[in-house]
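Asks:
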Amino acid sequence: MRHNTIASVQHQHIPEYLKPWLYASGSLTQQITSLAHGQFHVEPVLEHFQRLKRNDAMWMGMPIQHTSWVRESLLFGCEAEPWVKATSIFPILSLQKRARIFRYIRKKPIGWYLFQRTNPTCERRVLWLKDGWTRQSCYTWHGCKFIVQETFLANFEQFLQRK
Numbered sequence: 011m012r013h014n015t016i017a018s019v020q021h022q023h024i025p026e027y028l029k030p031w032l033y034a035s036g037s038l039t040q041q042i043t044s045l046a047h048g049q050f051h052v053e054p055v056l057e058h059f060q061r062l063k064r065n066d067a068m069w070m071g072m073p074i075q076h077t078s079w080v081r082e083s084l085l086f087g088c089e090a091e092p093w094v095k096a097t098s099i100f101p102i103l104s105l106q107k108r109a110r111i112f113r114y115i116r117k118k119p120i121g122w123y124l125f126q127r128t129n130p131t132c133e134r135r136v137l138w139l140k141d142g143w144t145r146q147s148c149y150t151w152h153g154c155k156f157i158v159q160e161t162f163l164a165n166f167e168q169f170l171q172r173k
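Counting in the numbering used here, the sequence shown runs from 11 upward without gaps.
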């Protein structure tokens, strides 16, 4: 996978145990499944349409006035508490193409489709949000652009520290 990583201003403050997760390439689904000894599941929280935010539209090279379909979900490993809060943003233009499949995956992880026999290009940025360290990835997959944002929650960090 080709990465153009934009490091956050606070790079020096990212805990060392979390850096491999924030900057990893490939499927987070597979990585969590491996860490959790085969356990992984997705719980969709909210799916809705909304206008693209200015910074997201600019990053994807989409018109600002465009609508996007947003999927918010929680990712779980081998514990009862979620490890990752994920938000995926699909512009309408991408949903009219091959990315339309992502509207109908329900409890399946996006990574299962995204990395199945494909090698999407990815631009990445890492930042701190109120829920924790977050990686934002702008993928180009079969000509479709979309953003996947993954925030590593405190439960995940605690699990990593115990290992």
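For each residue, glycine too, the CB sits at the ideal point set by N, CA and C.
On a predicted model such as this, the values are computed, not experimentally measured, just so you know.
Since Arg-134 is in the beta strand (DSSP E), which residue starts that stretch and which ends it?
Replies: Residues 131–139.
Asks: Looking at the unbroken alpha helix (DSSP H) that takes in Pro-73, where does it start and where does it end?
Replies: That residue, Pro-73, is in no alpha helix (DSSP H); it is neither H nor E in DSSP.
Asks: Can you give me the Cβ contacts of Gln-159 inside the same chain, cut-off strictly under 8 Å, excluding the 5 residues immediately before and after it?
Replies: Closer than 8 Å at the Cβ level, and outside the excluded window around Gln-159, lie Ala-96, Thr-97, Ser-98, Ile-99, Thr-144, Arg-145, Gln-146, Ser-147.
Asks: Identify the continuous alpha helix (DSSP H) that holds Trp-31 and give its terminal residues.
Replies: Per DSSP, Trp-31 belongs to the alpha helix (DSSP H) from 29–32.
Asks: I'd like to know whether the C-beta atoms of Val-94 and Thr-161 end up nearer to each other than 8 Å.
Replies: Yes, Cβ-Cβ distance for Val-94 and Thr-161 is below 8 Å.
Asks: Take the Cβ of Met-70 as the centre, count every other Cβ of all protein chains shown within 10 Å, and call the residue buried at 16 or more, exposed below.
Replies: Met-70 is buried by the Cβ-count criterion.
Asks: Please report the straight-line C-alpha distance between Gln-106 and Leu-170, rounded to a whole angstrom.
Replies: Cα-Cα distance, rounded: 39 Å.
Asks: Is the separation between the beta-carbon of His-76 and that of Ala-67 shorter than 8 Å?
Replies: In contact: His-76 and Ala-67 (Cβ atoms closer than 8 Å).
Asks: Are Phe-166 and Ser-37 close, meaning C-beta to C-beta below 8 Å?
Replies: No, Cβ-Cβ distance for Phe-166 and Ser-37 is not below 8 Å.
Asks: For Arg-64, name the three-state secondary structure that DSSP assigns.
Replies: In the structure shown, Arg-64 sits in a helix (DSSP, three-state: H, G or I).
Asks: Quick one: what does DSSP say Tyr-149 is sitting in, helix, strand or coil?
Replies: Tyr-149: strand per DSSP, three-state reduction.
Asks: Would DSSP call Ile-102 helix, strand or coil?
Replies: Of the three classes helix, strand and coil, the one that applies to Ile-102 here is helix, per DSSP.
Asks: Please report the residue range of the beta strand (DSSP E) in which Ile-207 lies.
Replies: This structure gives no information on residue 207, because the portion of the chain shown stretches from 11 to 173.
Asks: Taking all protein chains shown into account, decide if Lys-155 is buried (16 or more other Cβ within 10 angstroms of its Cβ) or exposed.
Replies: Buried: at least 16 other Cβ atoms inside 10 Å.
Asks: For Val-104, which residues of its own chain have a beta-carbon under 7 Å away from its beta-carbon, when the five flanking residues on both sides are left out?
Replies: Here the sequence assigns Ser to residue 104, which means Val is not the residue at that position. Cys-154, Lys-155, Phe-156, listed in sequence order.
Asks: With distances taken between CB atoms, is the gap from Phe-86 to Glu-53 smaller than 8 Å?
Replies: Yes, Cβ-Cβ distance for Phe-86 and Glu-53 is below 8 Å.
Asks: For Ser-83, which residues in the same chain have their Cβ closer than 7 Å to its Cβ, ignoring the five residues on either side in sequence?
Replies: Closer than 7 Å at Cβ, skipping near neighbours: Val-52, Glu-53, Pro-54, Val-55, Ala-96.
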